[in-house]
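Novice:
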Ligand SMILES: N[C@@H](CCC(=O)N[C@@H](CS)C(=O)NCC(=O)O)C(=O)O
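In my numbering, the protein residues as written are 44 to 368.
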């Protein structure tokens, strides 16, 4: 039974991510099983997790932060079995234990594992965040971030404070899908393939593909403000959550050090540009990010020492306005 990403290694020593299990959809249709209603849904996240943070970014950008409540777990994995054999996301006991993390306000769960077990008695997958939880039916609606962001984009528009913002517009869908595909494979998941590889060959392959994709992004972003033109789309939010972690974590912890993000002028300024969109900086908790990665993977960093730098200021000026219409 797979219990953590660290166990998802193929015979060749490569990291192979398994698919998410809960795949229901919230709908704007009031007669659906999961209708969009203010106050009904809850997002369980970790500030450390890029997949959870893309959902959180949508929540703020779309103005859903009053309609959908959020709880973050503690940044460092703790024991999720009595034997202490398996580690995973856990909640703090009090609100003051870890700044930014809170006890589970809905189910009193001690770990994310318990949330999965409330929703399904025979769940056999990983205990991942994000989780979109339905307070009314007391179950998990969806635990796949790429689907949660699509729901946040369109299905809650009757209650969103920013209903006209469409990050997946019909005329750009094909381009966004195509961009997401290579960026997911080579960059979002690519950094994990570098970091979790247990043999040199899969690492070499992942690192080569990662840097080819970053170079491709740099070229695109030397000609336009965002990945799919001069307007922000879903593809940018999906890339942002990986890039914001790149120099602080992936360059060291996942051995993505062939080139740093801040050596790419366009990519670096692009990350600052997105960080400065109102609401987005609320989704970046660098303390949780660093504590999690450096502290939760003992096979990679056995002493859990957190490196001192580089402490980049993403609120510094950028040059991306040169592309505005
Ligand atoms: N497909 C999922 C992936 C989520 C995921 O892998 N989350 C990681 C945190 S970054 C996790 O919770 N891992 C727990 C584990 O591996 O046990 C999504 O995009 O929503």
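All residues carry an ideal CB built from backbone N, CA and C; glycine is no exception.
Keep in mind it's a predicted model, so treat the numbers as computed, not measured.
Which one of 87, 105, 142 and 102 has the shortest CA to CA distance from residue 151?
Specialist: 87
Novice: Would residue 213 be called buried (16 or more neighbouring beta carbons within 10 Å of its own) or exposed?
Specialist: exposed
Novice: Please say whether residue 105 and residue 199 have beta carbons closer to each other than 8 angstroms?
Specialist: Yes, Cβ-Cβ distance for residue 199 and residue 105 is below 8 angstroms.
Novice: Can you look up residue 52 in the DSSP assignment and give me helix, strand or coil?
Specialist: strand
Novice: So residue 149 packs on residue 176, CB below 8 angstroms; how close in whole Å?
Specialist: 7 angstroms
Novice: Cα-Cα, which of 49, 236 and 270 is closest to residue 129?
Specialist: Measuring C-alpha to C-alpha distances from residue 129 to each of 49, 236 and 270 identifies 49 as the nearest.
Novice: Under 8 angstroms: do the segment 89-102 and the segment 184-200 share three or more Cβ pairs, one atom per stretch?
Specialist: Under the three-pair Cβ rule at 8 angstroms, the segment 89-102 counts as touching the segment 184-200.
Novice: Just the C-alpha distance for residue 21 and residue 291, rounded to the nearest angstrom, thanks.
Specialist: The requested residue 21 does not occur in the structure, where the chain is confined to residues 44 to 368.
Novice: With respect to 7 angstroms, is the separation between the Cβ of residue 341 and the closest non-hydrogen atom of ligand 1 below this value?
Specialist: Residue 341 Cβ: outside cutoff for every heavy atom of ligand 1.
Novice: What is the rounded straight-line gap between the Cα of residue 53 and the Cα of residue 60?
Specialist: Rounded to the nearest angstrom, the two C-alpha atoms are 10 angstroms apart.
Novice: Have a look at 252, 145, 332 and 201 and flag the residue whose alpha-carbon is nearest the alpha-carbon of residue 226.
Specialist: 252
Novice: Counting beta carbon pairs with one atom in the segment 347-366 and one in the segment 302-317, are three or more of them shorter than 8 angstroms?
Specialist: yes
Novice: So, with DSSP's three-state summary, where would you put residue 124?
Specialist: coil
Novice: Do residue 111 and residue 132 have their CB atoms nearer than 8 angstroms?
Specialist: Going by C-beta atoms, residue 111 is not nearer than 8 angstroms to residue 132.
Novice: Can you check whether the CB of residue 196 is closer than 8 angstroms to the CB of residue 101?
Specialist: yes
Novice: Measuring from the CB of residue 186, is there a heavy atom of ligand 1 at a distance below 7 angstroms?
Specialist: yes
Novice: Could you check whether residue 223 and residue 278 sit closer than 8 angstroms to each other, using their CB atoms as the reference points?
Specialist: yes
Novice: Using a threshold of 7 angstroms, is the CB atom of residue 122 nearer than that to any non-hydrogen atom of ligand 1?
Specialist: no
Novice: Grouping DSSP H, G and I as helix and E and B as strand, with all else coil, what is residue 94?
Specialist: helix
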